[in-house]
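Numbering-wise (UniProt numbering), the sequence shown opens with residue 1 and increments by one.
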Amino acid sequence: MCSLSNPLSPLHYPLARRDYSVVDDYHGVLVSDPYRWLENPDSEETKAFVEAEAALTDSVLAECGERERLREQITKLFDHPRYETPFKRGGKYFYFHNSGLQAQSVLYVQSDLDSEAEVLLDPNALSEDGTVALSTVSISRDGKYLAYGISLSGSDWVTIKVMRIADKMPEPDTISWVKFSSISWTHDGNGFFYGRYPAPKEGGDVDAGTETDINLNHQLCYHFLGTEQSEDVLCWKDPENPKYIFDTSVTEDGKYVTLAITEGCDPVNKLYHCDLSTLSGGLHVLKGSKDMLPFVKLVDNFEACYDVVANNDTEFTFLTNKESPRYKLVRVDLNKPEIWSDVLPEDQNDVLESAYAVNGNQLLVCYLRDVKYILQIRDLKTGQLLHNLPIDIGTVTGISGKRKDAEIFIGFTSFLTPGIIYKCNLSSEAPEMKVFREVSVPGFNRDDFHAKQVFVSSKDGTKIPMFIVSRKDIILDGSHPTLLYGYGGFNISLTPTFSVGRIVLARNLGFVFCIVNIRGGGEYGEEWHKSGSLSKKQNCFDDFIAASEFLISNGYTNSGRLCIEGGSNGGLLIAACINQRPDLFGCAIAHVGVMDMLRFHKFTIGHAWTSDYGCSDKKDEFQWLFKYSPLHNVKRPWEKSSDSSSQYPPTMLLTADHDDRVVPLHSLKLLATMQHILCTSLENSPQKNPIIARIDRKAGHGAGRPTQKMIDEAADRYGFAAKVMGVSWND
């Protein structure tokens, strides 16, 4: 697109050294990688590049006039009490609560719902700047102990600690180098299962989260309370398959531990089980032994996913996509593993998202119908429908309840509903969803806004759902600044949620904001996911471009006022779309994106994404990756267009120094490449729109980010969008 008025001062980009000696041979295709040196985060040259780019971005943001007003209004709206769904363990209730602007939410405990809640663990006391976050918590069955995982600066690395709940005193236990792991207590309360990797480096201090070493050789361990981690029992490993990841769950009756084994991010897993009651002497017998847990292999292939829903002794109920891309419930007796039966068959239209065994022999099932949630109570034994639980259009954010409990809690949100927690008593003849807690945001009036869903025809005619939220009664004259957000990958569904930042955009800057459910996600089950992955990844970009063109042709906006945004796999989406259609957008915001599609599998957990993307080590997969890889497809639009002034839209790449999921090198290499090809390699380049990066410190991929960092980032990126698209404040 052509810039509106070149509102920013001319930029002087840092010059990054190009090393022309780095050339890789991919199946006979030579590909240069002149910024390979940026893959080393510890080199002085990389650090100098990051500092120079950060200074450039600061100078740009200083010119963004609406940035401070955005920060002020987002802070004001953020300052409201928030609650997460309560859960019950050992006769006590636990829940997370944030009073408003606390950096991290606080874990509370209460003996019953009417008693005064007490602070059990306040992560804000663990650091001065709020960058230590609780990543996971697990309460022992008797309610005596809390095991909790803490992560520093947004890293995926977790350290597990233990606390006595009665007197809130810490135990000495410390478990390090935990990653991609749950914490699963055995019912005797003696300890818990967890997953870990070998420490990434030997010797010296490691700033966990800044390294790029590949994560291999996951191990399943059991920790006995009050012992050193070095004494933990190694329960399972598989050195012949170093990419495998192990996750365990102890069944509600305490008899079995199940082991789910995954290799990539596809919704498929192997499923093993071990009867803990058959271990003479319990897990102690494995201490000091080289023997691992005697797991029995129930499913030993990666053909489908199997999630445990419930068991009656040896009879197990699973949620699966076996021959059912929209999922179903099946049952098998471990003593007759060859005989499987359907409990709740696959629905012809709706996706079975989850199922929970509650109230003895009942099921709470959650369906997704056209990206809207449906809740039902069914019979566990027969799958028969017992009750529909009415719920508004929106997202179920949390469900808590156990088989022994008739009382369940359901968390809910939507674009215009900040948060409701419902309490439902299933012992009554007609269970009702009663409001237990409702979040109120001072200054927000939902009646000022309108949300609707439309269906857009993509390039191949596929109907793509999109939500559109705006102020009421806007005139569709093509003038409105519009934010379009997408993801499209890894079977993840984008459903309606409340966002303070987007509400401020709509209310104070007149934005329309849209969420498009492109292929690659899980909105319509596994077929929808597969139609946007591997060799069909281009469908994601086509869907997103079609949604953009819909918003323009239907009078919501114009190309100069259309801002596109996405994160992680969605960051890849944004970068690929501006490569393919730079004329279509007025601003691009790409968070923590996967930008080097030829080398992503070589860093941290990137190898797990080959299930969605493929791998450049294979010739046919290299060919489709090379066609859309953002790093390898930056072209000068004015050389392909009759319009000599055509250029890339103003672009902000966002990354962070402790992002060990999608490591910063992706954004840094793309940044250097874009600035060179589009800007610094020409004396009078037509590229006047800024290409910048916001590089956060003491932050990671997104999880655990403190409130102030979220506010600051929203003010920066949306202040940038407002400036470059010429959008001014509406009082």
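Where a beta carbon is used, it is the ideal one built from N, C-alpha and C, also for glycine.
Which same chain residues end up closer than 7 Å to S176 when comparing Cβ atoms and leaving out the 5 residues on each side of it in sequence?
Correct list, in chain order: T159, Q229.
Along the chain, which unbroken stretches of the beta strand (DSSP E) at least 3 residues long are found entirely within the stretch 100-186?
106-110, 118-121, 132-139, 145-152, 158-164, 170-178
Quick one, which of S111, Y244, V106, G130 has its alpha-carbon nearest L120's?
V106
Beta strand (DSSP E) runs wholly inside the stretch 38-98, at least 3 long, in chain order:
87-89, 92-98
Under the rule that 16 or more other beta-carbon atoms within 10 Å means buried, what is H200, buried or exposed?
In the sequence under discussion, the amino acid at residue 200 is Pro, which differs from the His named in the question. Its Cβ being crowded by 16 or more others within 10 Å, P200 is buried.
So what does DSSP say about M466, is it helix, strand or coil?
strand
Buried or exposed (CB count within 10 angstroms, at least 16 for buried), M595
M595 comes out buried.
Whose CA, out of A103, N241, I261, N190, lies closest to the CA of L146?
Checking every option, the nearest Cα to that of L146 belongs to N190.
Name the one or two DSSP bridge partners that I578 has.
Note: I578 sits in no beta bridge, so no partner.
Is the CB-CB distance between E252 and K402 below 9 Å?
yes
Would you report the Cα separation of E683 and N689, rounded to the nearest angstrom?
15 Å
Could you tell me the alpha carbon to alpha carbon distance between T227 and D542, rounded to whole angstroms?
Pairing T227 with D542, the inter-Cα distance amounts to about 55 Å.
Which of helix, strand or coil does DSSP assign to I503?
helix
Mind checking whether A715 and I74 have CB atoms under 9 Å apart?
Going by C-beta atoms, A715 is nearer than 9 Å to I74.
Distance, V50 Cα to P14 Cα
The straight-line gap from Cα to Cα measures roughly 10 Å.
Would you kindly work out how many angstroms separate the C-alpha atoms of W609 and I503, rounded to a whole number?
33 Å
Assuming the contact rule is C-beta atoms closer than 8 Å, H187 and V250 should be a hit. Round their C-beta distance to whole Å, please.
At roughly 7 Å, the Cβ-Cβ gap stays under 8 Å, so H187 and V250 are in contact.
Skipping 5 residues on each side, what residues in its chain have a beta carbon closer than 6 Å to that of G571?
For G571, same chain residues with a beta-carbon under 6 Å away, outside a window of 5 residues either side, are A590, H591, V592, G593 in chain order.
Just curious, the alpha helix (DSSP H) that D624 is in, first and last residue?
Checking the sequence, you will find Trp at residue 624 rather than Asp. DSSP places W624 in the uninterrupted alpha helix (DSSP H) bounded by 619-628.
Thinking C-beta only, is R661 closer than 9 Å to D156?
Closer than 9 Å, so yes.
Classify K537 as helix, strand or coil using the three-state DSSP reduction.
coil
May I have the straight-line CA-CA distance separating D659 from L101, to the nearest angstrom?
24 Å
Specify, as a first and last residue, the run of the beta strand (DSSP E) that V257 falls within.
256-262
Going by DSSP in three states, Y718 sits in which element: helix, strand or coil?
helix
Using the C-alpha atoms, what's the distance from A451 back to N215?
42 Å
Enclosing beta strand (DSSP E) for H27 [first to last residue]:
H27 -> no beta strand (DSSP E), and no H or E assigned at all.
Answer yes or no: do F720 and V206 have a C-beta to C-beta separation smaller than 9 Å?
no
Report the three-state DSSP secondary structure of T278 (helix, strand or coil).
Helix.
Take Q219 as the anchor and find which of A103, L225, Y194 has the nearest alpha-carbon.
Y194
Pick from V332, Y373, G383, R561 that is closest to A357, judged by C-alpha positions
Of the candidates V332, Y373, G383, R561, the one whose C-alpha sits nearest the C-alpha of A357 is G383.
So for M595, helix, strand or coil by DSSP?
coil
From the DSSP output, which residues share a beta bridge with W340?
V332.
Can you tell me whether L30 is buried or exposed, with buried defined as 16 or more other CB within 10 angstroms of its CB?
exposed
Give me the Cα-Cα distance between R378 and F318, rounded to the nearest whole angstrom.
15 Å
Between the stretch 633-641 and the stretch 561-581, do three or more beta carbon pairs fall short of 8 Å?
yes
Do the CB positions of P465 and D347 come within less than 9 Å of each other?
no
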